[in-house]
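Heads up: the sequence shown is residues 174 to 839, going by the numbering used here. Heads up: the structure comes next, in structure tokens.
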Amino acid sequence: MKNLINKYIWILLGLINSSSVLAQVPDLIFDIEKPKKQIVIPQTLYGVFFEDINFGADGGLYAELLKNRSFEFKQNLMGWKTFGNVSLRNDGPFNNNPHYVHLAPTGNEWRQTGLQNEGFCGIGIHKDATYRFSVWARTTGNSEKETITIELGDLGEDTWGQAFCSAKITIDSPEWKKYTVELTSPKSSEKSFFRLFLESDGEIDLEHLSLFPKDTWKGRDNGLRKDLVQALYDLKPGVFRFPGGCIVEGTDLETRYQWKETIGPVENRPLNENRWQFTFKYRFFPDYYQTNGLGFYEYFLLAEDLKAEPLPVVNCGLICQYMAKHESEHAQIGELDSYIQDALDLIEFANGDTTSTWGKKRAELGHPQPFNLKYIGIGNEQWGKEYVDRLKLFVKAIRSAYPDIKIVGSSGPKPDGEEFEYLWPEMKKLKVDLVDEHFYKDENWFLKAADRYDSYDRKAPKVFAGEYACHASTYGRNHFQAALYEAAFMTGIERNADVVEMATYAPLFAHLEAWQWRPDLIWFNNLNVMRTSSFYVQQLFSHYKGTEVLKLTIDGVPVTGKEEQNGLYASAVWDEQNNCYIIKVVNISNNKQTIKLNFKKKALLGDFADATRITLAATNPRLENSITQPDAIMPKVESISLQNISSPTIESNANSLQIYILHIKH
Ligand code: AHR
Numbered sequence: 174m175k176n177l178i179n180k181y182i183w184i185l186l187g188l189i190n191s192s193s194v195l196a197q198v199p200d201l202i203f204d205i206e207k208p209k210k211q212i213v214i215p216q217t218l219y220g221v222f223f224e225d226i227n228f229g230a231d232g233g234l235y236a237e238l239l240k241n242r243s244f245e246f247k248q249n250l251m252g253w254k255t256f257g258n259v260s261l262r263n264d265g266p267f268n269n270n271p272h273y274v275h276l277a278p279t280g281n282e283w284r285q286t287g288l289q290n291e292g293f294c295g296i297g298i299h300k301d302a303t304y305r306f307s308v309w310a311r312t313t314g315n316s317e318k319e320t321i322t323i324e325l326g327d328l329g330e331d332t333w334g335q336a337f338c339s340a341k342i343t344i345d346s347p348e349w350k351k352y353t354v355e356l357t358s359p360k361s362s363e364k365s366f367f368r369l370f371l372e373s374d375g376e377i378d379l380e381h382l383s384l385f386p387k388d389t390w391k392g393r394d395n396g397l398r399k400d401l402v403q404a405l406y407d408l409k410p411g412v413f414r415f416p417g418g419c420i421v422e423g424t425d426l427e428t429r430y431q432w433k434e435t436i437g438p439v440e441n442r443p444l445n446e447n448r449w450q451f452t453f454k455y456r457f458f459p460d461y462y463q464t465n466g467l468g469f470y471e472y473f474l475l476a477e478d479l480k481a482e483p484l485p486v487v488n489c490g491l492i493c494q495y496m497a498k499h500e501s502e503h504a505q506i507g508e509l510d511s512y513i514q515d516a517l518d519l520i521e522f523a524n525g526d527t528t529s530t531w532g533k534k535r536a537e538l539g540h541p542q543p544f545n546l547k548y549i550g551i552g553n554e555q556w557g558k559e560y561v562d563r564l565k566l567f568v569k570a571i572r573s574a575y576p577d578i579k580i581v582g583s584s585g586p587k588p589d590g591e592e593f594e595y596l597w598p599e600m601k602k603l604k605v606d607l608v609d610e611h612f613y614k615d616e617n618w619f620l621k622a623a624d625r626y627d628s629y630d631r632k633a634p635k636v637f638a639g640e641y642a643c644h645a646s647t648y649g650r651n652h653f654q655a656a657l658y659e660a661a662f663m664t665g666i667e668r669n670a671d672v673v674e675m676a677t678y679a680p681l682f683a684h685l686e687a688w689q690w691r692p693d694l695i696w697f698n699n700l701n702v703m704r705t706s707s708f709y710v711q712q713l714f715s716h717y718k719g720t721e722v723l724k725l726t727i728d729g730v731p732v733t734g735k736e737e738q739n740g741l742y743a744s745a746v747w748d749e750q751n752n753c754y755i756i757k758v759v760n761i762s763n764n765k766q767t768i769k770l771n772f773k774k775k776a777l778l779g780d781f782a783d784a785t786r787i788t789l790a791a792t793n794p795r796l797e798n799s800i801t802q803p804d805a806i807m808p809k810v811e812s813i814s815l816q817n818i819s820s821p822t823i824e825s826n827a828n829s830l831q832i833y834i835l836h837i838k839h
């Protein structure tokens, strides 16, 4: 009502003054003021959640280019083609990965022996880039030296393809030894192969064949794909959750994620099945495994590089409850000691000094300084009494050994319903610090949920919106409208930053040819990366999160898309570091709207020195970025001048997210 009266006063003033002011008549007025109680925005508010799904780790972020490098897949030669005289053996030098191949001549110099690897949907090779091949090998015959040739080539239409660069290695010892050679490619190819020939007459054994780009993120050995980490870095995430997701739970206890198996020499890290091999029959990937080459040490390093708080999630003795048919498939209460010990040891691994057992291991891996772990998640999407009973024991042990560590509990796989209603009170009773909520929901849900947290209990544990994405009715698409609706919802997260401590979109990565789940935030093929419009929404909220929440209302109520609010969603923050107000406006209507900003308290006033407007919009709501047109939807940044600087009028474009940054004059 007040807004309506204000609007008429403005129209009247407009009529009295001049016709040019008429153009400025606002459709709505945003009242902006400091709330009675200060709400500081947590640095962790917008983060990323990484899981090895959609070939996000092996075949994705983890830069290894060869598939099944240690011959440990259930079908030991999966990913390889052999020719000539190649046999599989299983008494190799690495006890966790005992299989290797034995190569012998064919007896005819024209008939070659060797093997060829297909990579992950091919091997991505960049022109002029250098690749490092390594192999553990030994000679096994009488001769002391044997030679192998390695090649990279183009598959093209051909089954075996043509080589475009090669190198030779001499195997000069009957003892297992690591050999390394570098090759620089004269061309780019999205679908290369790797091939190896035995050149000499003797026999050799080969184990752990590995091919990495030399130019990994920060140039690390066993490193990460640079362009994909760059995308994460560009998000400026405040928290980094890993390693899952359902893979934490596993298909059964044997295949649950066990962090201790993911550290130490990569050659000896045991392979694990990836449950996303078979979760969806229509996206079946029997060649999807976890080499654990990207393990917990690498995850902690990455969190540090990203300047994000690490948030590891550990298994709590429950396997994926969707899959489990019987209670007996879970670890029983009396069997939880080793699970709890794993959690305690993890905290020591991250934070312990170098004289502690696990702190010492961290130092030996190259990081004597602690990783400063503050959070730990216990269980992924667990539910029911079986979860509560188990979580209780973890909470007791962690509180007693590490009272400062914040514990994240689960509210189940859905954002409402029986399990959710049961779990929240239980989480309060257990006094966990945060409760993880997951929602993969449709457009309507996202728009309605913009006020979800307005009524949350301020004294309860904080919320970690740990997995969410708008799954639009045109299923699975990363189109602009879905991203816009996520933005609408996120204004509600921001307004309630005293309740929501962190929020992470999910899933993070997807290989264009090997995904199991969509939509996803970042897509890639073997050469390139594509940032979705959801990515840009996350990035904009993260970059412009500010330091303090401001109260932004229309007629005293938050702007959550109500009918009389013309399809607008909005939030406002103050940024102490940059001395500016930041107003985020999501307009889901088809109309441009004029909005007057009414900074209510004098304390908030100040002259605006300059203003910036960032717009994320698309030519049509179904538009999405693609690998060939990755920039179809991109934020547009412009400087604008504001009239009536102490109470300016802004415009909100139809179907857009717009961020206004108003810098205050000193
Ligand atoms: O993000 C994909 C999956 O969704 C996660 O693994 C799981 O936690 C949720 O069900």
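We treat Cβ as the ideally placed atom computed from N, Cα and C, and that holds for glycine. Computed from a predicted model, the values in this text were never measured in an experiment.
Counting by C-beta, which residues lie closer than 7 Å to a heavy atom of the ligand AHR, in chain order?
-> Glu224, Ile226, Gly417, Gly418, Cys419, Ile420, Asn553, Glu554, Pro586, His611, Tyr613, Glu640, Ala679, Pro680 and Trp690
Can you check DSSP and say which residues form a bridge with Gln335?
-> Counted from its first residue, the sequence shown places residue 335 at position 162. DSSP lists Asp327 as partners of Gln335.
Mind checking who Leu250 pairs with in its DSSP beta bridge?
-> Start at 1 with the first residue of the sequence shown, and residue 250 comes out as number 77. BP columns for Leu250 are empty, so no partner.
Using beta-carbon positions only, say whether Leu288 and Lys254 come within less than 8 Å of one another.
-> The count along the sequence shown starts at 1 and reaches residue 288 at position 115. The count along the sequence shown starts at 1 and reaches residue 254 at position 81. Yes. Within cutoff.
Glu291 burial status per 10 Å Cβ neighbour count (16 or more: buried) | As a first step, residue 291 is located in the sequence shown; it is residue number 118 there, counting from the start. Per the 10 Å Cβ criterion, buried.
Under 8 Å between C-beta atoms of Gly525 and Gly532 | Indexing the sequence shown from 1 puts residue 525 at position 352. Indexing the sequence shown from 1 puts residue 532 at position 359. The answer is yes: Cβ separation under 8 Å.
Less than 8 Å between the CB atoms is what I'm expecting for Leu218 and Ala497, so what's the real figure, rounded?
-> Here residue 218 refers to the residue found at position 45 of the sequence shown. Here residue 497 refers to the residue found at position 324 of the sequence shown. The Cβ separation is near 34 Å, so there is no contact.
What residue does the alpha helix (DSSP H) around Glu569 start on, and which one ends it?
-> On the sequence shown, position 396 is the one that residue 569 refers to. Strictly speaking, residue 569 in this sequence is Lys, with Glu absent from that position. That run of the alpha helix (DSSP H) goes Gly557 to Ala574.
Kindly confirm or deny that the stretch 352–366 and the stretch 328–344 touch, where touching means at least three C-beta pairs closer than 8 Å.
-> yes
How many angstroms separate the CA atom of Ala660 from the CA atom of Phe714?
-> As a position in the sequence shown, residue 660 is number 487, starting the count at 1. As a position in the sequence shown, residue 714 is number 541, starting the count at 1. Distance between the alpha carbons of Ala660 and Phe714: 8 Å.
Closest by CA to Leu384, which one among Phe293, Met663 and Ser707?
-> Position 211 of the sequence shown, counted from the start, is the residue given in the question as residue 384. For the residues Phe293, Met663 and Ser707, the minimum Cα distance to Leu384 belongs to Phe293.
Same chain only: Cβ atoms within 8 Å of Glu860, ignoring 5 sequence neighbours per side | In the structure as shown, the chain begins at 174 and stops at 839. Residue 860 is therefore absent and cannot be evaluated.
Could you tell me whether the stretch 406–417 touches the stretch 242–253, where touching means 3 or more Cβ pairs closer than 8 Å?
-> no
Sequence-distant residues of its chain with Cβ nearer than 6 Å to Pro347 (five each side left out) | Reading the sequence shown from its first residue, position 174 is the one you call residue 347. Correct list, in chain order: Arg311 and Thr312.
Could you please give me the residues that DSSP links to His716 through a beta bridge?
-> Along the sequence shown, read from residue 1 onward, the residue named residue 716 stands at position 543. None; His716 has no bridge partner.
Whether Glu319 touches Arg368 by CB criterion (8 Å) = In the sequence shown, counting from the first residue as 1, residue 319 sits at position 146. In the sequence shown, counting from the first residue as 1, residue 368 sits at position 195. No, Cβ-Cβ distance for Glu319 and Arg368 is not below 8 Å.
DSSP state of Asn445 mapped onto helix, strand, coil | Taking the sequence shown and counting its residues from 1, the one referred to as residue 445 is at position 272. In this structure, Asn445 counts as strand in the three-state DSSP scheme.
Go to Cys643, then tell me how far its beta strand (DSSP E) extends in each direction, as first and last residue.
-> Here residue 643 refers to the residue found at position 470 when the sequence shown is read from its first residue. Segment Lys635 to Cys643, the beta strand (DSSP E) holding Cys643.
If we count the other Cβ atoms within 10 Å of its Cβ and call it buried at 16 or more, is Ala404 buried or exposed?
-> Position 231 of the sequence shown, counting from 1, holds the residue named residue 404. Buried is the call here.
Whole-number beta carbon distance between Gly265 and Gly314, since they are thought to touch under 8 Å = As a working mapping, residue 314 is identified with position 141 in the sequence shown. As a working mapping, residue 265 is identified with position 92 in the sequence shown. No, Gly314 and Gly265 are not in contact; Cβ-Cβ is about 18 Å, not under 8 Å.
If we call anything under 8 Å between Cβ atoms a contact, is Phe789 one with Ser762?
-> The residue you call residue 789 lines up with position 616 of the sequence shown. The residue you call residue 762 lines up with position 589 of the sequence shown. Residue identity differs from the one stated: residue 789 is Leu in this sequence, not Phe. Result no, Cβ atoms of Leu789 and Ser762 do not sit closer than 8 Å.
How big is the Cα-Cα spacing for Leu195 and Phe653?
-> The residue you call residue 195 lines up with position 22 of the sequence shown. The residue you call residue 653 lines up with position 480 of the sequence shown. Confidence at Leu195 is low in this model, with a pLDDT of 38, below 50, so its placement is unreliable and the value that follows should be read with caution. Looking at the two C-alpha atoms, the distance is approximately 33 Å.
For the 8 Å Cβ check, are there 3 or more pairs between the stretch 703–717 and the stretch 584–598?
-> no
DSSP three-state call for Tyr629: helix, strand or coil?
-> Within the sequence shown, residue 629 is the residue found at index 456, counting from 1. The answer is coil: DSSP assigns Tyr629 none of H, G, I, E or B.
In whole angstroms, what is the alpha-carbon distance linking Thr822 and Ile787?
-> Here residue 822 refers to the residue found at position 649 of the sequence shown. Here residue 787 refers to the residue found at position 614 of the sequence shown. Distance between the alpha carbons of Thr822 and Ile787: 16 Å.
Nearest to Asn249 by CA position, among Arg456, Pro271 and Leu741, is which residue?
-> Counting from 1 along the sequence shown, the entry for residue 249 is found at position 76. When each option's Cα is compared against that of Asn249, the closest is Pro271.
Which residues does DSSP pair with Asp301 in a beta bridge?
-> Here residue 301 is taken as the residue at index 128 of the sequence shown, counted from 1. In the DSSP output, where bridge partners are listed per residue, Asp301 has none listed.
Straight-line CA distance for Glu616 to His644?
-> Within the sequence shown, the letter at position 443 stands for residue 616. Within the sequence shown, the letter at position 471 stands for residue 644. Glu616 and His644: Cα-Cα distance of roughly 7 Å.
Does the Cβ of Trp747 lie closer than 7 Å to at least one heavy atom of the ligand SAM?
-> The ligand SAM is not part of this structure, which contains only the ligand AHR.
How about Ile226 and Val722: are their beta carbons less than 8 Å apart?
-> Translated into the one-based positions of the sequence shown, residue 226 becomes position 53. Translated into the one-based positions of the sequence shown, residue 722 becomes position 549. Not a contact, by the Cβ cut-off of 8 Å.
Whole-angstrom distance between Gln542 and Leu835, CA atom to CA atom | Position 662 of the sequence shown, counted from the start, is the residue given in the question as residue 835. Position 369 of the sequence shown, counted from the start, is the residue given in the question as residue 542. Their backbone Cα atoms lie some 40 Å apart in a straight line.
Return the CA-CA distance between Met251 and His381, expressed in angstroms with no decimal places.
-> For the purposes of this step, residue 251 is identified with residue 78 of the sequence shown, where counting begins at 1. For the purposes of this step, residue 381 is identified with residue 208 of the sequence shown, where counting begins at 1. Straight-line Cα distance between these residues: approximately 14 Å.
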